[in-house]
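Numbering (my numbering), first residue to last: 2 to 360. Below is one structure, written out as structure tokens; the observations come after it.
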Amino acid sequence: MTVRLCCPISADTLVRRLLSRAQNTTKGMARTRVVGVDDWAWRRGHHYGTIVVDLEKNDVIDLLPDRDADTLARWLQVHPGIEIIARDRAGAYADGCRRGAPSALQVTDRWHLLKNLSDAFVSILDRFTTTVRTLTRQLNVSTAVSKISETIRAHPEEAQAVVRSASGERRDILFKEALALKAAGHSIQAIATTIGVERKTVRRWFQRGHAPPWKRTVPPRSILVPYAAHLEKRWSEGCRNSRQLWRELLEQGFAGQYGTVWKWVVTRQGCSAKPVSSAHVAPPLGRRLARLLLAEDPLSAGQEGLLVPALLEAEPHLAVTLCWLRKMQTLLCKKGDTSTEGDLKALLKEGKTTLLSRL
Numbered sequence: 002m003t004v005r006l007c008c009p010i011s012a013d014t015l016v017r018r019l020l021s022r023a024q025n026t027t028k029g030m031a032r033t034r035v036v037g038v039d040d041w042a043w044r045r046g047h048h049y050g051t052i053v054v055d056l057e058k059n060d061v062i063d064l065l066p067d068r069d070a071d072t073l074a075r076w077l078q079v080h081p082g083i084e085i086i087a088r089d090r091a092g093a094y095a096d097g098c099r100r101g102a103p104s105a106l107q108v109t110d111r112w113h114l115l116k117n118l119s120d121a122f123v124s125i126l127d128r129f130t131t132t133v134r135t136l137t138r139q140l141n142v143s144t145a146v147s148k149i150s151e152t153i154r155a156h157p158e159e160a161q162a163v164v165r166s167a168s169g170e171r172r173d174i175l176f177k178e179a180l181a182l183k184a185a186g187h188s189i190q191a192i193a194t195t196i197g198v199e200r201k202t203v204r205r206w207f208q209r210g211h212a213p214p215w216k217r218t219v220p221p222r223s224i225l226v227p228y229a230a231h232l233e234k235r236w237s238e239g240c241r242n243s244r245q246l247w248r249e250l251l252e253q254g255f256a257g258q259y260g261t262v263w264k265w266v267v268t269r270q271g272c273s274a275k276p277v278s279s280a281h282v283a284p285p286l287g288r289r290l291a292r293l294l295l296a297e298d299p300l301s302a303g304q305e306g307l308l309v310p311a312l313l314e315a316e317p318h319l320a321v322t323l324c325w326l327r328k329m330q331t332l333l334c335k336k337g338d339t340s341t342e343g344d345l346k347a348l349l350k351e352g353k354t355t356l357l358s359r360l
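Structure follows, in structure tokens:
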């Protein structure tokens, strides 16, 4: 087996390591308080067992041969002293933990909590299918979308201005949301967590009284600028030969290399692609819509991302739920020993006002 796995280890060393690990595990079991129980694939898609992990030490304790409740119950009875068991929603694990360690507290681990949140959010998004289809249809027939598409294809300089304008509008929206949260008495840290920006950024916004535009580097002036009119004229006449264009520029006093003209031609060819006359986007539904709503920057998804602000404006209850969900995700992903019990209770109370309260 070691040869097949390409593991350069002798049989004696392997046995010695296994015995040493077994002895350490046996000694540590007396102090094991918190364990995690989950599926384990002996052979993926064919044979599954159960893995038991010491969550305080991040160490594997045992591998059980199957996923039956009886097997888990017997294992827990042989290993008393376990106080907390983290598991998924499988009924067999719940039954096995209840019979094998009735006094232990059964909890859901972080990964399954996040998955449960995601599943619940996807389930409520089905209520907005009609709204999503309507808004998507409006975006598809919008002349503004068509103009943006043509600008991006034919005029990259103007496209950059469009992107900067959209980014500026998004920053203004975030700044207004930050002001509202500040007026409600929230701290800078809480505001930064809620709107998804850094704390120092929020503080800088408040000091300046507005959300400043992003700084952009001004590109250096190209040596082709004096010859731009000639290049555009020859391009409109159908000339695509970069070496021919270079020779013509040399006759006009151009001192640059052939590679400069070649790069211009390549860039121009990429920008001259036929614009999309009908930028059709299928309505995002289910998990696709959930991923779009939970993205840090939905506008980076292109035309599809334009649906997010329109949907949240049309469905304010969904916007409130999305804000709460982001805060819950931030809390669950928090690392370290920082106590989150108070924050969790406050969030659970706040969650009763969202669309997820019924779930």
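A virtual CB, placed ideally from N, CA and C, is assigned to each residue, including glycine.
Worksheet item: Rounded to the nearest angstrom, how far is the Cβ of L126 from that of A291, given a contact under 8 Å?
Response: With a Cβ gap of about 6 Å, L126 and A291 count as contacting.
Worksheet entry | 4 or more residues per run - each alpha helix (DSSP H) lying fully within the segment 170 to 248 | 189 to 196, 200 to 209, 229 to 237
Worksheet item: Taking just the CA atoms, how far does V123 sit from G50?
Response: 30 Å
Worksheet item: Would I224 be called buried (16 or more neighbouring beta carbons within 10 Å of its own) or exposed?
Response: exposed
Discussion item. For A121, report the span of its alpha helix (DSSP H) as first-last.
Written reply: 111 to 126
Worksheet item: Taking just the CA atoms, how far does T195 sit from F207?
Response: 16 Å
Worksheet item: Which two residues bound the contiguous beta strand (DSSP E) that contains H48?
Response: 48 to 55
Practice prompt. Return the chain-ordered list of same chain residues with a C-beta closer than 6 Å to the C-beta of H113, the five sequence neighbours on each side being excluded.
Written response: D89
Discussion item. In the DSSP assignment, the beta strand (DSSP E) including L64 goes from what residue to what residue?
Written reply: Where L64 is concerned, the enclosing beta strand (DSSP E) stretches over 60 to 65.
Worksheet item: Between the C-alpha atoms of T322 and T130, what's the straight-line distance to the nearest angstrom?
Response: 16 Å
Worksheet item: Under the three-state reduction of DSSP, which class applies to R289: helix, strand or coil?
Response: In the three-state DSSP reduction, R289 falls in the helix class (H, G or I).
Item to complete: Kindly indicate which three-state DSSP category G352 falls into: helix, strand or coil?
Response: helix
Fill in: Identity of the residue in L294, D298, L333 nearest E316 by Cα
L294
Worksheet item: Alpha carbon to alpha carbon, what distance is there between R44 and A91?
Response: 20 Å
Fill in: Endpoints, the beta strand (DSSP E) within which A93 is located
Note, A93: premise wrong, no beta strand (DSSP E); alpha helix (DSSP H) at 92 to 101.
Item to complete: Work out the CA separation of S21 and D110 for me, nearest whole Å.
Response: 30 Å
Item to complete: Can you grab the Cα-Cα spacing for the pair H187 / R241, in whole Å?
Response: 60 Å
Discussion item. To the nearest angstrom, how far is the alpha carbon of D55 from that of E84?
Written reply: 12 Å
Practice prompt. Excluding the 5 residues preceding and the 5 following A191 in the sequence, name in chain order all residues of the same chain whose CB lies nearer than 8 Å to its CB.
Written response: L182
Discussion item. Can you tell me whether A296 is helix, strand or coil according to DSSP?
Written reply: If DSSP states are grouped into helix, strand and coil, A296 belongs with coil.
Item to complete: Compute the distance between the beta-carbons of V262 and S237, then report whether it is under 8 Å.
Response: no
Practice prompt. Mark A230 as exposed unless 16 or more other C-beta atoms lie within 10 angstroms of its C-beta, in which case mark it buried.
Written response: Counting Cβ neighbours within 10 Å, A230 comes out exposed, since fewer than 16 surround it.
Worksheet item: With distances taken from CA atoms, which of P9, P81, L65, N117 is nearest H48?
Response: Looking only at P9, P81, L65, N117, the smallest Cα-Cα distance to H48 is reached by L65.
Practice prompt. Can you check DSSP and say which residues form a bridge with Q107?
Written response: Paired residue(s): I86.
Worksheet item: Which stretch, first to last residue, makes up the beta strand (DSSP E) that contains D39?
Response: Residue range 35 to 44 is occupied by the beta strand (DSSP E) that includes D39.
Practice prompt. Please check the pair L357 and H318, which I expect to be a contact at CB under 8 Å, by giving their CB distance rounded to whole angstroms.
Written response: 11 Å between Cβ atoms; not a contact.
Worksheet item: For the alpha helix (DSSP H) that E314 lies in, which residues bound it at each end?
Response: Here the alpha helix (DSSP H) through E314 covers 308 to 315.
Worksheet entry | Assigned secondary structure, A155 (DSSP; H/G/I helix, E/B strand, else coil) | Note that A155 scores a pLDDT of 47, beneath 50, so its modelled location is shaky and nothing firm can be said.
Fill in: Where A179 falls, given that 16 or more other Cβ within 10 Å makes a residue buried
buried
Worksheet entry | Residue nearest to K58 in terms of C-alpha spacing, selected from R34, A42, L73 | R34
Discussion item. Starting from Q78, trace the alpha helix (DSSP H) in both directions and tell me its first and last residue.
Written reply: 70 to 79
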